[in-house]
Every structure is written in structure tokens, then in C-alpha cells.
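First comes the structure, then the notes that go with it.
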Amino acid sequence: MQTDPNGPNPKKSKDSPSNSANTESTQSPSPFPDEVLEKVLSFLNSDKDRSSVSLVCKDWYNAERWTRTKLFIGNCYSVSPEIVARRFTKIKSVTLKGKPRFSDFNLVPQNWGADVHYWLLMFANVYPFLEELRLKRMTISDESLELLATSFPGFRALSLMSCDGFSTDGLKAIATHCRSLTELDIQDVDMDDFCGGWLSCFPEDFGSLEVLNFATLDSEVNFDALERLVSQCKSLRVLKVNKTITLDQLQRLLLRAPQLMELGTGSFQQELLPGQFGDLGIAFSNCKNLRTLSGLWEVASIYFPVLYVACASLTFLNLNYTALRSDEFGSLLAHCPNLRRLWVLDTVEDKGLEAVGSSCPLLEELRVFPADPYDQHLRRGVTESGFVAVSRGCRKLHYVLYFCWQMTNAAVATIVQNCPNFTHFRLCIMNPGRPDYLTNEPMDEAFGAVVKNCTKLQRLSMSGLLTDLTFEYIGKYAKNLETLSVAFAGSSDRGMQCVLEGCPKLRKLEIRDCPFGNAALLSGLEKYETMRSLWMSSCNVTINACQRLAREMPRLNVEVMKDKESDDSRADKVYVYRSVAGPRRDAPPFVLTL
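Sequence positions in the sequence shown follow our numbering and run 32 to 625.
Below you can see the structure in the form of C-alpha cells.
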């Protein structure tokens with residue numbers, strides 16, 4: 032949520048000199064009757080647009096809060112449940128994010144916080160008509176899922192992404208009580224997967240599901256219950272099963288749901304009889320609306336031909352769990368001319384990426400993940416050559432996440448010249464601090480080329496041997512940058528200072544293992560209030576500097592996490608974020624709230 036839940040910012044009131052141009056409009060009542068204004072605002076769906084509207088004047092602020100039904104909160108500690116309840120009265124859909132993103136890399140200690148239960152208690156009292164809840168990096172217990180399932184009669188959609196704290200018992204409560212459920216989306220969770228019997232808890236006559244995703248769960252599910260569910264849910268458009276589902280079971284599911292638009296398969300390694308092979312091909316050919324394909328666990332390439340008939344219409348192919356060789360990958364891509372998004376493991380090597388460049392001219396997003404990020408001796412995977420090949424053939428590319436072992440300045444310069452419309456450029460050279468392997472020079476000119484050529488850049492992740500020159504380039508050219516992630520980079524405090532001074536739209540800054548210290552941290556005193564958050568870990572920051580930041584900027588929450596064996600004066604992990612709720616009340620002992 033971008034706006035202040037207590038009302039328009041007092042610093043920009045009608046008496047403020049900086050707001051003199053709007054004095055007349057803010058002093059006068061709105062020229063629109065309340066009913067007209069509320070009707071107009073009901074057509075605004077963008078969170079940013081609605082937040083901007085709420086700052087115009089008090090009448091617009093009230094009209095916006097009375098008409099808002101969807102709520103996005105990017106940090107669960109940026110506001111309290113009580114403040115939200117006072118401001119908004121008709122909320123039906125909530126998206127709530129918790130832990131910092133670096134929790135994905137085990138940099139946030141366990142039991143850090145972000146428990147959703149306090150929010151659910153408020154929702155149950157204030158928003159009895161809640162229909163949707165989407166959580167990311169939150170902790171949710173079975174007790175919380177039970178509360179959710181029994182408190183909202185019209186509840187329709189639950190999405191849990193990178194969440195923890197619950198088990199399949201909680202899913203049983205959702206299946207049992209949520210009679211109007213249309214979406215159950217469980218992705219990359221850390222949960223106790225006791226058994227797959229939760230699917231049998233849906234009522235016998237249940238048929239409202241449109242989205243069902245349990246791809247990352249481990250337990251074998253009750254297939255009879257799954258098949259009954261799929262056959263009864265005539266509007267099901269997204270089905271992503273886990274790797275325990277066999278090919279013959281998949282064929283039976285597809286026969287009952289030919290209307291699917293997104294499919295996540297199970298294991299693709301079962302031995303099939305000729306008749307079964309043909310039946311599976313027919314099942315895929317009947318899925319005329321299929322646009323997204325994922326899963327393909329433990330795939331055997333001899334079964335690729337059954338996919339070919341469905342590949343022509345695919346716009347998103349996710350092979351994140353599929354270790355393919357370059358020749359296998361190339362044969363599959365030859366049948367996918369309409370791909371816009373592609374996720375793949377680096378086992379396809381450069382030759383496989385050359386196939387991307389020649390087969391996927393419409394590609395807009397590419398993510399290449401490491402099959403084994405700790406394989407420092409064998410050094411298999413992709414290099415700068417594959418990346419360049421993609422950029423030559425995929426000129427519409429604007430989002431990339433690329434893990435590799437080596438890169439050059441010249442290659443990155445060529446890539447961004449070929450594809451100047453990057454909005455997201457995330458390059459991870461997995462050997463920290465590695466220079467251009469051909470010239471042995473720092474990788475400064477590579478990222479300088481990125482920010483100079485890609486004027487629409489919003490998100491940048493950097494790695495390799497980088498000096499302060501890289502950060503000078505960023506501060507000078509990256510005027511639309513919103514998120515910057517940095518690891519093992521920089522020469523001095525000046526690097527971080529350049530970014531804070533030069534990037535007017537910066538909202539999230541994530542830093543680990545860099546030489547930035549107190550001067551760098553304190554150079555952003557005014558900047559932090561316009562940002563969502565700052566994360567610094569394993570840098571040269573002291574607790575004294577963090578305390579000074581907290582004193583001088585009381586509207587910021589400054590949290591320090593201490594490692595067990597570190598110097599008492601050292602701030603091992605620092606998390607800074609703006610909040611209208613003050614310091615959080617559930618901080619564990621290892622989190623110092625300053």
C-alpha cells in the first residue's frame with residue numbers, strides 16, 4: 032500500500048508552500064457529488080493510481096477509501112492491521128508480503144517474523160466478505176488456515192508463495208470449509224507435507240476451482256480424489272500437479288480438462304505401451320487453449336513428440352525442473368515459435384541458447400537457472416556466448432535472469448545494443464568477484480553499458496568484479512531504476528552514495544558482502560523515506576551508525592540482526608523500511624529494533 036493510511040501527507044497540506052499551486056482546489060469542496068466521484072474511482076484498478084488520487088484532497092481521500100476493494104501491502108510491517116481497518120471498510124482482496132527477499136537465500140534467520148495470524152484476526156472482525164488472500168514470504172500456521180477457512184463464507188482464492196509454518200492439515204481445512212473456492216495456488220513453500228489426502232476433503236459436489244497448483248509438494252496425492260475434482264471443475268484453466276503424477280494419470284486428467292490454459296505435468300519418465308503413448312498424444316492435441324507448460328519432472332526425451340502438437344500455441348515454457356541436453360532442448364524449441372517467456376536450466380549450454388535465438392523471435396523474458404550452483408570444478412553451464420546468441424535472435428527481450436560462470440564486458444555491451452529495451456537485467460556470475468575472464472578487467476563497463484543503453488531499466492542485479500565506477504554509472508544514467516541488488520561489489524562508501532544520490536525512483540536497495548560502511552548508510556537519510564526498504568548484510572556498518580539513523584529518521588524502522596559470533600559493535604544484517612505503525616511488536620530476541 033503506497034499511501035499513508037492516516038490521510039494526506041501533513042507535509043503537503045494546503046498550507047504548505049510546496050503545495051501552493053493546489054491551494055484553491057484543496058480548500059474548496061470537490062466539484063463532483065460523492066456518488067459521481069465514487070463511481071469514477073471504481074474504475075481505477077492500479078494501486079499507484081488509487082494512491083495518487085487519495086493525495087489530491089480530503090474529499091478524494093475519503094472517496095478512495097470508501098471504494099477500494101483490493102489492498103496491496105508490500106511489507107507487512109509498514110502498517111498495522113488496526114490502521115488498515117480504520118481506513119478501509121470494503122476490502123475483499125488482500126496481497127501481503129512479509130520477509131525481505133534475501134530470505135530466499137537463507138540470509139534471514141528462522142523465526143524472524145511476518146506471521147499472518149494477527150492480520151487474519153483483524154480481517155475476520157472487519158472484512159467478513161473477504162474473498163482473496165495472496166501471501167508471499169509470510170508465516171501461516173495450520174491454526175491460521177483454519178481461521179481463514181471458517182471466518183469468510185464467500186472466500187474464493189488463496190495463494191501461498193514462499194510461505195512457511197503450515198502443513199497439509201491446514202490444506203484440509205481449506206478444502207473442507209471453502210465451498211466457493213476458485214483458486215488454490217501453493218508455490219515454493221516450506222511446509223510439513225504429511226500426506227496427499229487433503230484433496231479428498233473437497234465436498235463431493237464441489238466444482239468451482241479454476242486454479243489448482245500443488246507442483247512443489249512432495250507427497251503422493253489421492254489420485255481418485257484429484258481426478259474427480261478435475262472432472263467436476265468445468266472452469267478449471269490452471270492445473271499444476273506434483274512429480275508423483277504419472278504419465279497415464281496425466282492422460283486421464285487431460286481428457287477430463289481439455290479447456291486447460293496452463294499445465295504443470297508430473298514425472299515424464301514412465302514406460303508407456305504404444306497404445307498409451309498414442310492416447311497421451313491425443314490428450315495433448317485436445318488441449319487447444321494451452322498457453323503455459325511446466326513440470327516435466329525427470330523427463331525422457333523419447334516422449335517429446337507427444338508435446339509437439341501443443342507446443343505451437345505455447346507462450347510460456349517453464350523447464351526449471353528439467354535438466355535437458357542441448358540437442359533435446361533444441362528439438363523441443365523447434366516446435367515453440369510463439370514463446371514469450373522461457374525458464375530453463377543451464378544444462379542446455381550455449382548450443383541450446385543458440386536454438387533459442389534461432390527459434391523464438393518473439394521471446395520477451397528469459398531465465399537461466401543453475402542446475403548445480405556449487406559445481407565450481409566442472410564449470411558446466413552457459414557462458415557469454417549463449418547470452419549473445421539469444422540477444423541476436425530475440426530483439427524483443429526485456430527481462431533476463433542469467434546465471435553463468437563467466438562473462439565479458441564486450442559481450443554485455445553487445446547484448447544491450449541488440450536489446451535496448453530491458454526493464455529487468457539480472458546477471459549472476461556465480462564465482463563472486465570474478466573479472467572479465469578475457470581481459471582480467473573489472474566488469475564496470477558491462478554494467479555501464481546496461482544503464483546507458485537501457486533507459487527503461489527498472490530492476491538491476493549485478494555481480495562480478497565491480498569498482499565504484501559501476502555505481503557512478505548507475506547514479507548518472509539509471510533514472511528509472513526501482514530495485515538494485517548488489518553482492519561482492521564496490522570499492523568504498525562512494526559507490527553506495529552515488530546510487531542514493533542519483534536514482535530518483537529507487538525503491539528497494541539490497542546489498543550483501545560489500546565494503547560499504549557508516550558513511551554510505553548515513554548518506555541516505557532523506558532518501559530512505561521515499562524508498563520501500565534497504566537491506567545490508569556482511570557490510571562494514573556499526574550499531575552506532577544504525578542508532579543514529581533511527582534517531583534522525585523516526586518514521587523509519589531500523590532493525591539489526593546479530594550473528595552469534597560477531598563483534599558487539601558490528602551490525603551484521605540491517606533492515607531499514609518506512610512504516611506508519613512504528614516499531615513492530617513481535618521482534619524476536621535476535622532482532623534489535625532501534
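Note that CB positions come from ideal geometry on N, CA and C, so glycine has one too. As the structure is a computational prediction, the values presented were derived from the model and not from experiment.
Residue i to residue j span [Cα, whole Å]
i: Ala402; j: Ser416; result: 18 Å
i: Ala256; j: Phe315; result: 22 Å
i: Trp229; j: Ile205; result: 9 Å
i: Tyr405; j: Cys545; result: 21 Å
i: Asp90; j: Thr624; result: 37 Å
i: Pro39; j: Val87; result: Residue placement at Pro39 is flagged as unreliable, the pLDDT there being 45, under the threshold of 50; the coordinate-derived value follows with that caveat. Straight-line Cα distance between these residues: approximately 8 Å.
i: Lys135; j: Ser193; result: This sequence places Asp at residue 135; Lys is not what is there. So the two alpha carbons sit approximately 8 Å from each other.
i: Asp224; j: Ala145; result: 21 Å
i: Ile542; j: Arg609; result: 18 Å
i: Lys604; j: Met567; result: 6 Å
i: Glu174; j: Leu248; result: 20 Å
i: Ser231; j: Val67; result: 48 Å
i: Leu500; j: Ala551; result: 15 Å
i: Ser389; j: Ala420; result: 8 Å
i: His208; j: Arg168; result: 24 Å
i: Ser172; j: Glu557; result: 38 Å
i: Leu512; j: Gly201; result: 40 Å
i: Lys30; j: Pro620; result: Since the first and last residues shown for the chain are 32 and 625, residue 30 lies out of range.
i: Trp13; j: Met584; result: Shown here, the chain extends from 32 to 625; a query on residue 13 therefore has no answer.
i: Ala612; j: Pro112; result: 9 Å
i: Gln263; j: Asp236; result: 8 Å
i: Thr181; j: Arg210; result: 10 Å
i: Lys203; j: Leu488; result: 43 Å
i: Leu370; j: Arg579; result: 51 Å
i: Phe233; j: Arg259; result: 10 Å
Chain-order list of residues whose beta-carbon lies under 6 Å from that of residue i (same chain, five-residue window excluded)
i: Gly555; result: Leu531
i: Leu540; result: Leu515 and Leu565
i: Gly227; result: Ser250, Glu251, Val252 and Asn253
i: Val31; result: Residue 31 lies beyond the stretch modelled for the chain, which goes from 32 to 625, so this question has no answer here.
i: His148; result: Ser175
i: Gly129; result: Cys107, Ala145, Arg168 and Met169
i: Pro289; result: Asn317 and Cys318
CB-CB length for residue i against residue j, believed under 8 Å
i: Glu251; j: Glu214; result: At roughly 23 Å, the Cβ-Cβ gap does not stay under 8 Å, so Glu251 and Glu214 are not in contact.
i: Leu321; j: Leu294; result: 6 Å
i: Asp216; j: Ser190; result: 4 Å
i: Leu345; j: Cys367; result: 5 Å
i: Gly506; j: Asp524; result: In fact, because the Cβ distance is near 13 Å, the residues do not count as touching under 8 Å.
i: Pro535; j: Lys510; result: 6 Å
i: Thr414; j: Gln437; result: 5 Å
i: Leu497; j: Gly521; result: 6 Å
i: Phe434; j: Leu491; result: With 8 Å as the limit, Phe434 and Leu491 do not qualify as a contact, their Cβ atoms being about 16 Å apart.
Cross-strand partners of residue i (DSSP beta bridge)
i: Lys128; result: Lys167
i: Ala518; result: Arg543
i: Glu590; result: Tyr606 and Thr624
i: Met567; result: Ile542 and Val605
i: Asn349; result: Trp374
i: Ser554; result: According to DSSP, which records beta bridges pairwise, Ser554 is partnered with nothing at all.
i: Cys459; result: Phe434
i: Met192; result: Lys167 and Gln218
i: Glu396; result: Arg372 and Tyr430
i: Asp146; result: Thr170
i: Thr323; result: Glu293 and Phe347
i: Ser111; result: Its beta-bridge partners do not exist; DSSP assigns none.
i: Met474; result: Looking at the DSSP assignment, Met474 forms no beta bridge with any residue, so it has no partner.
i: Trp328; result: Ser298
Sequence-distant residues of the same chain with beta carbon closer than 7 Å to residue i, five excluded per side
i: Gly361; result: Gly383 and Ala386
i: Asp310; result: Gln282
i: Ala480; result: Val443, Ala444 and Val447
i: Asn484; result: Val447, Gln448 and Pro451
Cβ-heavy atom distance, residue i to the ligand GTP, below 7 Å
i: Tyr468; result: For the ligand GTP, the structure offers nothing, since it holds no ligand at all.
Spatial neighbours of residue i in its chain, beta-carbon cut-off 8 Å, leaving aside the 5 residues before and after
i: Ala331; result: Phe299 and Gln300
i: Glu69; result: Ala94, Trp97 and Thr98
i: Leu291; result: Leu267, Arg268, Val269, Leu270, Leu285, Cys318, Asn320 and Leu321
i: Glu560; result: Met584, Arg586, Leu587 and Arg609
Any chain D beta carbon closer than 8 Å to residue i
i: Pro535; result: Absence of chain D from the displayed structure is noted, only one protein chain being present.
Below 8 Å, how does it come out for the segment 366–377 and the segment 386–397: are there three or more Cβ pairs, yes or no?
Here the segment 366–377 makes contact with the segment 386–397; the two share three or more CB pairs at distances below 8 Å.
Between the segment 582–590 and the segment 114–134, do at least 3 Cβ pairs fall closer than 8 Å?
No, because fewer than three Cβ pairs between the segment 582–590 and the segment 114–134 fall closer than 8 Å, the two stretches do not touch.
Do the segment 459–473 and the segment 416–426 make contact, defined as three or more Cβ pairs closer than 8 Å?
no
Does the segment 278–286 come close enough to the segment 295–309 to have 3 or more Cβ pairs within less than 8 Å?
yes
Give a yes or no on contact between the segment 345–354 and the segment 317–327, applying the rule of three or more CB pairs nearer than 8 Å.
Contact holds: three or more Cβ-Cβ distances are below 8 Å.
At least 3 beta-carbon pairs within less than 8 Å: the segment 464–476 vs the segment 445–456:
No, because fewer than three Cβ pairs between the segment 464–476 and the segment 445–456 fall closer than 8 Å, the two stretches do not touch.
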